[in-house]
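Here's the structure, in structure tokens; my notes come after.
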Ligand code: C2G
């Protein structure tokens with residue numbers, strides 16, 4: 002059986018998030034998702050997510066296409082996470098294209114196209130402008 006692993010913040014969960022998880026799941030038999038810790042998000046994007054890591058984990062975990070979730074504590078632990086979860090495929094959105102090719106020695110690395118015209122930032126701005 003083929004295990005697929007992907008990572009993300011999944012803050013203010015939207016259809017772009019859903020689509021990438023569906024497409025990731027279709028690449029194997031089991032989908033594992035590393036949801037970034039609040040603390041990692043501060044470092045990555047310079048702001049606290051709207052939804053806490055416990056809330057973001059609960060949402061992602063409840064999805065039909067997701068088999069397992071864990072907290073991604075740091076970007077530097079990617080290789081450990083891949084090995085630990087027995088991932089055969091690492092899937093990332095193409096905003097990360099090329100960035101994880103170094104893991105090609107332990108698993109297949111696939112970048113999927115992002116869903117156009119939707120993002121957490123755009124949603125936050127839309128709501129702020131209402
Ligand atoms: N995504 C997408 N289409 C969008 C928006 C997001 O396909 N319109 C994808 C991203 O490419 C990513 C996933 O949804 O693969 C989660 O997006 P983010 O929450 O923005 O996650 P990110 O900050 O890229 O986290 O270890 C790496 C990071 O934790 C990845």
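Numbering (UniProt numbering), first residue to last: 2 to 131. Cβ atoms here follow ideal geometry from the backbone N, Cα and C, with glycine treated the same way.
*Nearest to residue 49 by CA position, among 69, 109 and 12, is which residue?*
12
*asked:* Taking 8 Å as the cut-off, is the C-beta of residue 37 nearer than that to any heavy atom in the ligand C2G?
replied: yes
*Taking 8 Å as the cut-off, is the CB of residue 47 close to at least one heavy atom of the ligand C2G?*
no
*asked:* Assuming residue 31 is part of the beta strand (DSSP E), what are its boundary residues?
replied: 31-37
*Beta carbon of residue 5, beta carbon of residue 26: below 9 Å?*
yes
*For the alpha helix (DSSP H) holding residue 122, just list the boundary residues, first then last.*
121-129
*Could you check if residue 44 is buried or exposed, using at least 16 other CB atoms within 10 Å of its CB as the buried criterion?*
exposed
*Indicate, with yes or no, if the ligand C2G has a heavy atom lying under 8 Å from the CB of residue 127.*
no
*Helix, strand or coil for residue 69 per DSSP?*
strand
*Which term fits residue 42, buried or exposed, when burial requires 16 or more other beta carbons within 10 angstroms of its beta carbon?*
buried
*Provide the residue(s) that pair with residue 8 in DSSP beta bridges, ordered along the chain.*
35
*asked:* Considering only the alpha carbon of each residue, which of 90, 38, 15 and 64 lies closest to residue 29?
replied: 90
_Taking the beta carbon of residue 121 as the centre, do at least 16 other beta carbons fall within 10 Å, making it buried, or is it exposed?_
buried
_So, with DSSP's three-state summary, where would you put residue 74?_
coil
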